[in-house]
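Just below is one structure, and these are the notes that go with it.
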Amino acid sequence: MPKRSVKQQVVVFSVLFVSVLCVSAQNIFSHLESKDTSAKAVVKVHQDQRIESLVYGVKKKTVTQTQTFENSVGTVEPLTVVNTVEVPGYRVQVYSSNIQKTAKSEAFRIEEEFQQLLPNVPVYVSYHSPFWKVRAGNCRTMQDAQQLKSEIGEAYPQVKRDLYVVRDKIKVPAK
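Numbering (mature numbering (1 follows the signal peptide of the UniProt record, and there is no 0)), first residue to last: -25 to -1, 1 to 150.
See below:
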């Protein structure tokens, strides 16, 4: 009989311990930023807002982008703030390489050239091991992506043979 009561106590203690952990985990980010009065220290957490969304299980990602411009005095000022949501769609892949010595610098060079040639088309550089990729556009349909592909080919003939449409998560304005 005493073994059963010990098992029951262990189970009850375990459930209470896990419950306390779950409740305290719900406020981990605010707890980290709170002041420690004994050491008089302040902890600042700089992180992407999407991390909290992942921890708390928020399904819909909302990303805030701030665009900036350099004014005539030479200082950088915010231009607009756009709330976007990531949804399935299509992009045009402009470049992809896994050559370690040159791929990264080549990807950023292509991004810079692309932005000068087509400033109204968003361009994204990403690294998916071992590939550096440059993709352009936020197309909802395959037809839109095919049209963008032909426009890019005309404006940027150096990469015309490397262009193809890929499925990707795209950014669209939040409603």
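Positions of the beta carbon are idealized from the N, C-alpha and C atoms, including for glycine.
Keep in mind it's a predicted model, so treat the numbers as computed, not measured.
Need the endpoints of the alpha helix (DSSP H) that residue i sits in, please.
i      : result
Asp119 : Met117 to Ala130
Lys79  : Ala78 to Leu92
Bridge partners for residue i per DSSP, in chain order?
i      : result
Phe106 : His103
Gln22  : BP columns for Gln22 are empty, so no partner.
Arg66  : Val141
Val98  : Ala111
Residue i lies in the beta strand (DSSP E); which residues open and close that run?
i      : result
Asp143 : Tyr139 to Pro148
So, using beta-carbon positions, are residue i and residue j closer together than 7 Å?
i      : j      : result
Val69  : Ala149 : no
Asn58  : Phe106 : no
Lys146 : Asn95  : no
To which residues of the same chain is residue i closer than 8 Å at the C-beta, ignoring the five residues directly before and after it?
i      : result
Tyr131 : Val69, Glu88, Phe89, Leu92 and Leu93
Tell me which same chain residues have a C-beta within less than 6 Å of the C-beta of residue i, skipping the five on either side of it?
i           : result
residue 196 : As displayed, the chain neither begins before -25 nor continues past 150, which places residue 196 out of reach and without an answer.
Tyr139      : Gln68
Lys144      : Glu61
Lys135      : Gly128
If we count Cβ pairs, one from each stretch, closer than 8 Å, do we get three or more for the segment 114 to 123 versus the segment 72 to 85? Output reads no: the segment 72 to 85 does not touch the segment 114 to 123.
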